[in-house]
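In short: position in the sequence shown from 1, add 606, done, that's this note's numbering.
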Amino acid sequence: MSERPAPPDGQPVLRLEAVRKTFGSTVVLRDVDLDVAPHTVTALIGASGSGKSTLLRCANLLEEIDDGAILLDGEDITDPRVNPDTVRRRIGVVFQAYNLFPHMTVLENITLAPRRVHRVPRAQAEERARELLERLGLGGRAGEYPDRLSGGQQQRVAIARALAVRPRLLLLDEITAALDPELVGEVLGVVRDLKDEGMTMVLATHEMGFARDVADQVCFLDGGVVLERGTPDEVFGAPREERTRRFLRRLTEAGRL
Ligand SMILES: Nc1ncnc2c1ncn2[C@@H]1O[C@H](COP(=O)(O)OP(=O)(O)O)[C@@H](O)[C@H]1O
Ligand SMILES: [Mg+2]
607 MSERPAPPDG QPVLRLEAVR KTFGSTVVLR DVDLDVAPHT VTALIGASGS GKSTLLRCAN
667 LLEEIDDGAI LLDGEDITDP RVNPDTVRRR IGVVFQAYNL FPHMTVLENI TLAPRRVHRV
727 PRAQAEERAR ELLERLGLGG RAGEYPDRLS GGQQQRVAIA RALAVRPRLL LLDEITAALD
787 PELVGEVLGV VRDLKDEGMT MVLATHEMGF ARDVADQVCF LDGGVVLERG TPDEVFGAPR
847 EERTRRFLRR LTEAGRL
């Protein structure tokens, strides 16, 4: 796999500039600005429907934006001349539903993109996959089919698959939302390890304790607007906006904070 040149110091890995996204007459993202510095974690929080998934999908060019720009390592990836496939190769994505291929083993799931898209030789792709499985606590599972694994294990395989192509950026959308409560910890532990290794990540999450613990930057989305942003201590500890306070209060009342 060819190494990409390191971007200039201080340049954000991901930048959103006044991003606007509509579905029909519904404005889902309005004037969203966001900077994600290298080796940092950004947590997107906010009620269901506030635009978190859409933001992540726009960043990965799964949705076309209506206005504004999205830059990856300084390059405007929303320029129509840019090939979306070359962009997606630099971004790893993990969704709530693991979306593993059921007819492929764990090893085949993880090596598919490196082999087919990045043309990595099989032996090299498998070596990398086994190394990732080991790191994610799944050593020995390479030959299993997804349905033999627990939800937490499947989600860790999905993370390994996203990491297999050595992405510049990892986007994680509610990756613990479909898991039984006792399996959430093992997946969040993996995210924490990735942060310690310096992976740049943007994650949408309802796990506020986790966001508070792992994020460098927290963005509260409300109706497609980043209403408030700051460090976890700022946003969780001393929210400035009434709507942020109300959101956090509701979570507290529901026993989720
Ligand atoms: N493909 C789509 N077509 C129409 N509306 C959509 C589509 N995807 C999302 N939306 C709408 O966009 C808004 C934001 O959704 P979403 O980004 O999924 O929010 P969140 O992830 O914060 O729950 C919601 O009102 C949702 O109904
Ligand atoms: Mg969502």
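A virtual CB, placed ideally from N, CA and C, is assigned to each residue, including glycine.
DSSP places E737 within a helical segment (H, G or I) once states are collapsed to three.
Using a C-beta cut-off of 8 Å, the stretch 673-685 makes no contact with the stretch 755-764, since fewer than three inter-stretch Cβ pairs fall below that distance. In the three-state reduction of the DSSP assignment, D639 falls in the strand class, which pools E and B.
One alpha carbon belongs to R772, the other to S656, and they sit about 30 Å apart. Burial check for Q730: the Cβ neighbour count within 10 Å stays below 16, so the residue is exposed. Taking A783 as the centre and dropping the five residues before and after it, the same chain places the C-beta of Q702 closer than 6 Å to its C-beta, in chain order.
K801 has its Cβ no nearer than 7 Å to any heavy atom of ligand 2. In this structure, the beta-carbon distance from M814 to F842 falls below 8 Å.
Between R636 and G830, the gap from beta carbon to beta carbon is short of 8 Å.
Around the CB of G749, fewer than 16 other CB atoms lie within 10 Å, so the residue is classed as exposed. Here the stretch 843-852 does not lie against the stretch 663-682, with fewer than 3 beta-carbon pairs under 8 Å apart. When secondary structure is reduced to three states using DSSP, D682 falls in the strand class.
Under DSSP, E834 takes part in a beta bridge, and its partners are F826. Cβ contact annotation for A844 (same chain, cutoff 7 Å, sequence separation greater than five): none. When only Cα atoms are considered, R798 and L742 end up about 11 Å apart. Put simply, the residues with a CB less than 5 Å from any heavy atom of ligand 1 are F629, V634, S654, G655, S656, G657, K658, S659 and T660, in chain order. If only complete runs of 3 or more residues are kept, the stretch 646-733 shows the beta strand (DSSP E) at 647-651, 673-678 and 697-700, in order along the chain. If you check the CB distance, E792 and G746 do not come in under 8 Å. Here R626 is not near D691, since their CB atoms are 8 Å or more apart. Bounds of the beta strand (DSSP E) holding R621 are L620 to F629. Positions of the beta strand (DSSP E) runs, each at least 3 residues long and wholly inside the stretch 732-803, are given as 775-779 in order along the chain. V841 has no beta-bridge partner at all, per DSSP. For K658, the CB contacts under 7 Å within the same chain, skipping 5 residues up- and downstream, are L650, G652, A810 and L827 in chain order.
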